[in-house]
Amino acid sequence: QSVLTQPPSASGTPGQRVTISCSGNTSNIGIHLVNWYQQLPGKAPKLLLYRDDQRPSGVPARFSGSKSGNTASLSISGLQSEDEGHYHCAAWDDSLNVSAVFGGGTLLTVL
Amino acid sequence: VLLQESGPGVVRPSGTLSLTCDVSGGSLTTADWWSWIRQPPGKGLEWIGEISNSGTTHYHPSFKSRVAISIDMSKNQFSLKVTSVTAADTAIYYCAKGGLADSWGQGTLVSVSS
Chain A
1 QSVLTQPPSA
11 SGTPGQRVTI
21 SCSGNTSNIG
31 IHLVNWYQQL
41 PGKAPKLLLY
51 RDDQRPSGVP
61 ARFSGSKSGN
71 TASLSISGLQ
81 SEDEGHYHCA
91 AWDDSLNVSA
101 VFGGGTLLTV
111 L
Chain B
1001 VLLQESGPGV
1011 VRPSGTLSLT
1021 CDVSGGSLTT
1031 ADWWSWIRQP
1041 PGKGLEWIGE
1051 ISNSGTTHYH
1061 PSFKSRVAIS
1071 IDMSKNQFSL
1081 KVTSVTAADT
1091 AIYYCAKGGL
1101 ADSWGQGTLV
1111 SVSS
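Listed in order, the protein sequences are those of chains A and B. Letter by letter, the first sequence follows residues 1 to 111 in the working numbering. Letter by letter, the second sequence follows residues 1001 to 1114 in the working numbering.
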């Protein structure tokens, strides 16, 4: 059971906007920045967003992040078939000394 | 910077899992921290721990008594050891740059089986 809670699945049709949530508490998301990772089928995870809403070079602007209180969100606009895969959130957690925690991951299906 | 994990693909129960991460295209000094993360089959990611360039380590409490991460600056690599493994340690193991994983290796599957 993961410390950060994500919905196990999400879906949308091409062109739609999809939002994936990541819920934590005051020991992690409430006080620390969040990273998001994209994991395409059979591949290693790749950094998608860092520091809640910052995109690494090469990540399209249709991927965006936000945070409110203990919940972070990843939004994907203009959904494309190649976006299908798993999305994971992560943050540091002060209740575990110096340790990081991940969400359980969300499988995004493009219908 | 590219990261590549290496090590045995099968480990016997109660044995020790040993993996190495070779860093190429830059030195270990390009980041302050380096980490290990694993993913059991069909499950989510689990943060194992991290090591700094000076050798300071932090481990997730669920692994703390069984895990050791070391670093060799001269070889530009860092390593993971997990002792007393069981079937629950079967997973894809990833090494990564940064404590919260800025970039990842391709991962290596380690199966615990007799």
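The C-beta atom is built at its ideal place from N, Cα and C for all residues, glycine as well.
Does the count of Cβ pairs from the region 1001-1010 of chain B and the region 1104-1112 of chain B closer than 8 Å reach three?
yes
Using a Cβ-Cβ cut-off of 8 Å, state whether residue 70/A counts as contacting chain B.
The residue you call residue 70/A lines up with position 70 of the first sequence. Judged by the 8 Å Cβ criterion, residue 70/A is not in contact with chain B.
Let me see if you follow: with CB-CB separation under 8 Å, is residue 1093/B close to chain A or not?
Numbered from its first residue, the second sequence carries residue 1093/B at position 93. For residue 1093/B, the answer is no, since every Cβ of chain A falls outside 8 Å of its Cβ.
Span of the beta strand (DSSP E) holding residue 74/A?
Your numbering for residue 74/A matches position 74 in the first sequence. Under the DSSP assignment, residue 74/A falls in the beta strand (DSSP E) whose first and last residues are 71-76.
Quickly, what does DSSP pair residue 1022/B with across the bridge? List them, please.
Position 22 of the second sequence holds residue 1022/B. 1004/B and 1077/B.
Counting pairs of Cβ atoms below 8 Å between the region 1089-1101 of chain B and the region 1016-1030 of chain B, do you hit three or more?
By the Cβ test, the region 1089-1101 of chain B is in contact with the region 1016-1030 of chain B, since at least three Cβ pairs between them sit closer than 8 Å.
Assuming residue 6/A and residue 109/A form a contact by the criterion Cβ under 8 Å, report the distance between their Cβ atoms to the nearest whole angstrom.
Taking the first residue of the first sequence as position 1, residue 6/A is located at position 6. Taking the first residue of the first sequence as position 1, residue 109/A is located at position 109. A Cβ-Cβ separation of about 15 Å leaves residue 6/A out of contact with residue 109/A under the 8 Å criterion.
Check residue 1103/B in the structure and name its three-state DSSP category.
In the second sequence, residue 1103/B corresponds to position 103, counting from 1. Strand.
Under 8 Å between C-beta atoms, does residue 11/A make it to chain B?
Taking the first residue of the first sequence as 1, we reach residue 11/A at position 11. Judged by the 8 Å Cβ criterion, residue 11/A is not in contact with chain B.
By the 10 Å Cβ neighbour count, where 16 or more other Cβ atoms means buried, how is residue 58/A classified, buried or exposed?
Locating residue 58/A in the first sequence gives position 58, where the first residue counts as 1. A residue is called buried once 16 or more other Cβ atoms fall within 10 Å of its Cβ, and residue 58/A, having fewer, is exposed.
Below 9 Å on C-beta distance, what does residue 1061/B contact in chain A?
On the second sequence, residue 1061/B is found 61 positions in, with the first residue counted as 1. Around residue 1061/B, the beta-carbon contacts reaching into chain A at under 9 Å are 96, 97 and 99.
So if I threshold CB-CB distances at 9 Å, which residues from the region 1030-1049 of chain B count as touching chain A?
1035, 1037, 1039, 1043, 1044, 1045, 1046, 1047 and 1049
For a cutoff of 8 Å on Cβ pairs, would you count residue 42/A as touching chain B?
One-based indexing of the first sequence puts residue 42/A at position 42. Taking Cβ atoms only, chain B never reaches closer than 8 Å to residue 42/A, which makes this a no.
Measure from the C-beta of residue 1100/B to each C-beta in chain C and report whether the shortest distance is under 8 Å.
Chain labels in this structure do not include chain C; the protein chains are A and B.
Between which two residues does the beta strand (DSSP E) holding residue 1110/B run?
Numbered from 1 along the second sequence, position 110 holds the residue referred to as residue 1110/B. Residue 1110/B -> beta strand (DSSP E) spans 1108-1112.
In angstroms with no decimal places, state the Cα-to-Cα distance between residue 79/A and residue 64/A.
Residue mapping note: residue 79/A aligns to position 79 of the first sequence, counting from 1. Residue mapping note: residue 64/A aligns to position 64 of the first sequence, counting from 1. Rounded to whole angstroms, residue 79/A to residue 64/A spans 12 Å at the Cα level.
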